[in-house]
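**Q**
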């Protein structure tokens, strides 16, 4: 996983959260914490904030067969998909608008 680009698809997130390796689960949940909450839309900001709150609670006791753990993974994937959907449907923002260069043109 690239530290500069924490984008992770939902299937990969689920696989990592279900991994028997603790570090894989930690890395997967870390993307929730580093997702910028200053997205282009209020929907993205809200989704990223909800994901960060969820991640702040940490990972419950791992058991691949436990229904509570499986429900937690489902919730994590659902939240992450919501974050990704708000990015995918965000209106295009020009380079000038992002950098403020348009004011100086």
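Numbering (the numbering used here), first residue to last: 2 to 106. Note that beta-carbon positions come from the ideal geometry of N, C-alpha and C, so glycine has one too. On a predicted model such as this, the values are computed, not experimentally measured, just so you know.
(1) Write down every uninterrupted run of the beta strand (DSSP E) in the region 35 to 92 whose length is 3 residues or greater and which is fully enclosed by it, in chain order.
(2) Starting from residue 11, trace the alpha helix (DSSP H) both ways and give me its first and last residue.
(3) Nearest to residue 26 by alpha carbon, out of 70, 48 and 54?
(4) How many whole angstroms separate the CB atoms of residue 45 and residue 87, which I take to be in contact at a CB cut-off of 8 Å?
(5) Helix, strand or coil, according to DSSP, for residue 21 in the structure here?
(6) If you measure between the beta carbons of residue 84 and residue 15, is that distance less than 8 Å?
(7) Given this structure, state the Cα-to-Cα distance separating residue 72 from residue 66, to the nearest angstrom.
(8) From residue 53 to residue 68, what does the alpha carbon distance come to, in whole angstroms?
(9) So the candidates are 76, 56 and 82; which of them puts its Cα closest to the Cα of residue 1?
**A** Taking the geometry as given:
(1) none
(2) 11 to 18
(3) 70
(4) 4 Å
(5) coil
(6) no
(7) 11 Å
(8) 23 Å
(9) In this structure the chain extends from 2 to 106, so residue 1 is not present and cannot be described.
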